[in-house]
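Protein chains in written order, with our numbering: chain W, -19 to 142; chain Y, -19 to 142.
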């Protein structure tokens, strides 16, 4: 079972591929899709879409888990993150891979045991759960791994919104 | 000069193709891209993306004008509209067509002369400006034609956000 976790963001979209092997979670690959800040908005969105499409095409991913909108975000930011979520959902639909969504507090609860955990706590626990020898370099990357871990724990309860 | 105006929405995305011919605005085609309500969110987003891509592929469109977020919208709605805007911007980027954004009050000002005009007033004025014999059937369609008209009036001032 191979899960692609995505933490959508306009400046940087984190991704984390996690394999569930005999009840153990193993990191396969993770990183950030980071378009150039000099690009136009449509170019940046295309860059993220191409990156996600490439990930979905390169490995036999079973399911995609996406971090949902966090509460208290302003409408302008929600729209900008919505752009990225839109092209992630599109790439998944085109690949025929089911998508699941989890709100940030649920992701934090699944990984840290506290829905109000800080990004640092999430990063620390993701490293422990996946038994990584080195710290994860960015919080977008650890958040993406966290949503993939959350999905494995919840067995796909986070059905995508309608 | 052929302009595609888009009014993005999750339930229905309006589109309006307007040609600027010797200072006169002519409607080429307009309508709604309306995915099935029974589809999942990723399927609906894909339906809208395919619809916009088809429009961009079928005619030599010079520029795309998209209605920007209206103020006072809640973050959840902003995110849902953001999904659609994301795939519209992606389709435009893939077609190499420049995109321009206009806030709703600017669109209303350009068409009705009042930034607080109602949807009915916009629909009435769009019908007059384009000299259409029959009323426009939906406000998503007339809003899309309105943003195309606004773009023609403003000569592409509405540079897409970064």
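Here a beta-carbon is modelled for each residue, glycine too, at the ideal position from N, C-alpha and C.
Under the three-state reduction of DSSP output, residue -3 (chain Y) falls in the strand class.
Between residue 26 (chain W) and residue 47 (chain Y) a beta carbon distance of about 21 Å is seen, past the 8 Å cut, so the two are scored as non-contacting. In the three-state reduction of the DSSP assignment, residue 79 (chain W) falls in the strand class. In the DSSP assignment, residue 37 (chain W) falls within the alpha helix (DSSP H) that extends over 21 to 38. When the beta-carbon positions are compared, residue 133 (chain W) and residue 66 (chain Y) stay at least 8 Å from each other. The beta carbon of residue -17 (chain W) sits closer than 8 Å to those of -3, -2, -1, 0, 41, 42, 43, 44, 45, 128, 131, 132, all from its chain and outside the five residues before and after it, given in chain order.
Within 10 angstroms of the beta-carbon of residue 98 (chain Y) lie fewer than 16 other beta-carbons, which makes it exposed. Under a 10 Å Cβ-count criterion, residue 121 (chain W) is classified as buried, with 16 or more other Cβ atoms of the shown protein chains found around its own Cβ.
Contacts with chain W at 8 Å (Cβ-Cβ) include residue 66 (chain Y). Judged by DSSP secondary structure, residue 123 (chain W) falls within the alpha helix (DSSP H) whose first and last residues are 119 to 134.
Contact with chain Y is found for residue 22 (chain W), since one of that chain's Cβ atoms lies less than 8 Å from the residue's Cβ.
Nearest Cα to residue 38 (chain Y) within the set Y:21, Y:9, Y:52, Y:24: Y:9. For residue 53 (chain Y), the neighbours in chain W by C-beta distance under 7 Å run, in chain order, 55.
Look at residue 102 (chain W) here: in three-state DSSP terms it is helix.
Residue-level contact check: residue 59 (chain Y) touches chain W, since one or more beta carbons of chain W fall below 8 Å from its beta carbon. Looking at the backbone, the Cα of residue 88 (chain Y) and that of residue 96 (chain Y) are separated by about 7 Å. Residue -19 (chain W) is classed as exposed because its beta carbon has fewer than 16 other beta carbons within 10 Å across all chains shown.
Here residue -9 (chain Y) is exposed, its C-beta having fewer than 16 other C-beta atoms within 10 Å. For residue 10 (chain W), the uninterrupted beta strand (DSSP E) segment begins and ends at 4 to 13. Inter-residue distance for residue 32 (chain W) and residue 113 (chain Y) is about 46 Å (C-alpha atoms, whole angstroms).
Along the stretch 107 to 137 of chain W, none of the residues has a CB nearer than 7 Å to a CB of chain Y. Residue contact check for residue 70 (chain W) against chain Y: a CB pair falls below 8 Å. The Cβ-Cβ distance between residue 71 (chain Y) and residue 125 (chain Y) does not fall below 8 Å. Assignment of beta-bridge partners to residue 44 (chain Y) by DSSP yields Y:-16, Y:79.
Against residue 29 (chain W), the close residues of chain Y are 70, in the order they occur along the chain (beta-carbon pairs closer than 8 Å).
The residues -2, 109, 110, 129, 132, in chain order, have a CB closer than 7 Å to that of residue 5 (chain W) in the same chain once the five nearest residues on each side in sequence are set aside. In the structure shown, residue 54 (chain Y) adopts coil according to DSSP, grouped into three states.
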